[in-house]
Structure formats: structure tokens, C-alpha cells
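Residue numbers (my numbering), protein chains in the order written: chain D, 260 to 554; chain H, 638 to 876. The next block holds one structure in the form of C-alpha cells; read it before the comments.
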């Protein structure tokens, strides 16, 4: 099969649009890492679970289908808070392994719940604007992917405003930079971390809905791949870096789709992992990461 | 007034404070001296409710604060400038000050703005650097920022843990003159220092901490400075 230039560009365009969901997932990982210097491996599972809950409420209540994209994030926020309470809040601060293992446990726990609730079969997920198709010259922009991109960008802007323009954001940044000093400034670090988990949960729920909407189905088979992609995005962007997660999210999305075009679906992820290894060897702190100093 | 009574704080099975009792009188500068490992920083963190003591009591103007949280201790009027300053390294100087006024930020933003401007009057070195990222300040500037940040909560009792640590003599002199100014303005000061010579010059009262206990206490002048230093750092038996 001959692959011409137009196909390559088109694949990259589609990938970049879908990459906005990876950026959201990467942001969640990176924000929690920034706040607590710990990885929450249950994050992508919570994201998918949020989307499931949103979809379930819509299917059972008969509310307008667009509301999935509101209820999913709300559910994601609650699940994020639950993960904080069960896996992080009461773990000793100096023990790095305990919350990591707990969050792996939560990942599979959430996964199992989804499998049991849905008998393991995928459900159709509503897409928005999927009847729209924008043509620019020889290239096309799928309406549902444009919806994904625009919604993700709005979410990112809101997030940046919360972080850098509000009192809550000041508290979040204070806790992530110097937790003892934050407490001494009157900032309750546990409550702030709980809020960070809830906010990233909302972000995750949105990303879960976006990913499912772009694929057209939601399935428990999404959780582990999205976890892995989210972690790759976080590493390539630089752990704890917000611009890094955004840029790397789009980049991984673009490359993934390019690899899909060039090598097919079976080999796609091999090349995504190769990309990860290239970064780990030549730029282990990621695109925007700085060397992590511990005091 | 700050009254500490029989305070015991342990790290695991190791008691860093073994029953410390001391009082910081209203409007005075109380110095806590002692060698490395005497428990000075543990004492500061225990009073500020960062650490949870095993037993004992800390009363601020008659109210017990042990068993509460650091934010609660702050709202009772006790602020701590921690050892090593601990500024928020990726925030600007101004944001650091805002964080210091965190609890008032929701209701009192206008007054917080005024307090930040007043802080720049007291700490002119910070004014030119208000937009600069705190992690790039010099050690002396970071110390000024840490003191200014603690003052943003308008504390009645300001505790400082080794503010002179690692600073050039001129900067240390500046810090001590600021401490004296703050005290003149009515702030009760609790100062932990290794630099006994400087500390005894401004202290109204001092305590000597050794191995988690108060070895002795007094007022400068009651006892010769050399004698204090001798006991603090060279063992309790004067040569």
C-alpha cells in the first residue's frame, strides 16, 4: 500500500486532535505528582469510571445525551476524591511504595467493578458533532474530534486559571512546593490535596468521556492502555510539568496515529514505547522537566 | 504570652524533647540557645503544631493549642519562620507574601494588599524583587522573605528558627535589627539561635536547651555571656 504525504498529514491531524485527551490525562498525573510527589496509578481508571457513571445516569434517567459530558466529569471528581481517601490520605508520608501499590490496587478494583457491571462488553458512547466534517484544502477535520479538542482546551484554560488566578490555586501550588511552609501559612495540606484529587478527577472524567466519544464505544479494555499512555505523556512532558503534559499529550497523540498509519494497529504501541525509551535515555527529565532536587 | 509545660516529643522511640517547660512573656524577646541536636527545631515545630508531641501543653494566652493543627496555631497568633527559611521556590516574592496571608485572602484582600506594601517598606530589599521567583533570591533575601511572609498573618508571637544560619555577618546584623524593630512594635519574639553572642545582645530572657531539656535559664546580665556560651557548647561544668 502506498502511503502518500496527504495521508501522513491527515493522520497527524487526527492524532493531534485526539491527543488532547492524552494531554488531559497527563495533566492529571502530573498535577497529583506535583502536589504529593506520588503517582496515582488509579487515575486513568477513575477517568474511565467517571465516563461510565455519566453514561449510566444518562441511560437510566433519559436526560439529554449531551449531559454525559457534564455528569462524567462530576462523577470523576467524586471518584478522584475517593481514591485520595483510600489510597493516599492515611498512608505514611515517608512511605512512597504504599500509596503506589494502593493505587495499583484501586486501578484493578475499579476495572473489575466496571467489568462486572457491564458483563465486560463495550457500550456505545455518544459522540457530539459527529455529523460535522470540516474540509480545509485536501485535509479534513472530524467534527467529533474538533469537539474533543475545543472542550479539552477550555478545560485546560479553566485549570490554568484556577491554579494561577485563585486562592485555591495558590494553596495548591504552596502545598506542592513546600508542604511544611504551606501549613505554617495556615493552609491545611490534607484538604488542599483532597481538592487537587477532586479537580484532577473532574479533568479525568472529562478526558474519559472525550476518549470514549472519539472511539465511539466505552469498554473496560480502555483503562490500562489509557493509564500507560497517560504515564508516557507525563514522562515525556516531564513529571510535574503542566506545559510539558499538554505538549506531550498532543505529541503522543500525533505520533501514535502516525505509527498507526505506517505500521498498523498491531505494531503501533511498540513505536510509542520506543519513543518513551528514547526520552528515558536521552532526556530522562522530559521536555519541560527540571532535575528534581530533594531537600 | 506563650507557656510551654512538660513538652515531650518523640521520633519513634527516641525522645527529642524530654519535658521542656518555658515561658515567653508578652512583648519580650526570648532566646533559646543550645548545641546541635538539643531539640531546638523540634521544640519550634511542636509549638507550631507541625509535630505532634507525645505529652505536655502549650498555652497561647491561656488557650491550649497542642493537639490542634498548624493552621489553628497560626490563627491563635503563633507564626513560625522555619529553619532553612522554606520559601515557596517557584512562586514570586509577592505570591509568597500572599500565601503568608492565606487565611485573610478570602475576606480581606484589600487589607492584604496594604500589608504587602507595608512589608516592602519594612523589607526594602524585597520591593525591587517583588516579581522575582523566590528560589532565585540570595540567602539573606530569602530569610527576609520568610520573616515577611510569617508577619503577613499578623501574629502576636513570632518564632524564628535560626534566622542567621549561613548568612554573611552584615546580613545577620540586618536581620537582628529587624527582629528588634518587630519587638518594638509589640510582637513577642521567640528566637532560636546558635549565635549566642548576637542573641544575648537582644534577648530579654534566655533558655539553654540541652539533650531535650532546659539546662538552665536566666536573663542576660544575670550571668556572664562567656559563662552561658561555655555551658551551651562546651558542657555544663565551667572550666
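Beta carbons are placed, not taken as given, at the ideal position from N, Cα and C, and that holds for glycine.
In DSSP terms, what residue 348(D) is bridged to: For residue 348(D), DSSP assigns no beta-bridge partner whatsoever.
Of the residues 665(H), 752(H), 807(H) and 746(H), the one placed nearest residue 778(H), counting alpha carbons only: 807(H)
Given residue 655(H) as reference, the closest of 743(H), 851(H), 856(H) and 859(H) once Cα atoms are compared: Nearest to residue 655(H) by alpha-carbon distance, out of 743(H), 851(H), 856(H) and 859(H), is 851(H).
Reduced DSSP secondary structure (H/G/I, E/B, other) of residue 513(D): helix
CB contact check: residue 553(D) to chain H, cutoff 8 Å: Because residue 553(D) sits at a pLDDT of 42, beneath the cut-off of 50, its placement in the model cannot be relied upon, and the following sentence gives the value as read from the coordinates. So, not an interface residue.
Selected residue, minimal CA-CA separation from residue 658(H), among 683(H), 664(H), 673(H) and 648(H): 683(H)
Where the beta strand (DSSP E) through residue 668(H) begins and ends: Counting along the chain, the unbroken beta strand (DSSP E) around residue 668(H) starts and ends at 666-670.
Neighbouring residues, chain A, relative to residue 723(H) (Cβ below 7 Å): No chain A appears in this structure, whose protein chains are D and H.
Three-way DSSP call (helix, strand, coil) for residue 643(H) in this model: Assigned with DSSP and collapsed to three states, residue 643(H) falls in strand.
Alpha-carbon to alpha-carbon, residue 775(H) and residue 694(H): 37 Å
Own chain residues within Cβ distance below 6 Å of residue 362(D), not counting five before or after: 299, 300, 301 and 346
Inter-residue CB distance, residue 485(D) and residue 470(D) (contact presumed, cutoff 8 Å): 6 Å
Per DSSP, cross-strand counterpart(s) of residue 770(H): Residue 770(H) pairs with 729(H).
CB of residue 691(H) within 8 Å of CB of residue 733(H), strictly: no
Residue 313(D) beta carbon less than 8 Å from that of residue 334(D): yes
Straight-line Cα distance separating residue 308(D) from residue 476(D): Spanning the two alpha carbons is a distance of roughly 13 Å.
Start-to-end residues for the alpha helix (DSSP H) that takes in residue 455(D): 448-474
For residue 451(D) and residue 595(D), believed in contact at Cβ under 8 Å, the rounded distance: Shown here, chain D extends from 260 to 554; a query on residue 595(D) therefore has no answer.
Assigned exposure category for residue 553(D) - 16 Cβ within 10 Å defines buried: Only weak support is given to the placement of residue 553(D): the predicted model assigns it a pLDDT of 42, under 50, and the value that follows is read from those uncertain coordinates. That one is exposed.
N-terminal and C-terminal residue of the alpha helix (DSSP H) that residue 291(D) is part of: 264-295
Inter-residue Cα distance where the pair is residue 464(D) and residue 310(D): 6 Å
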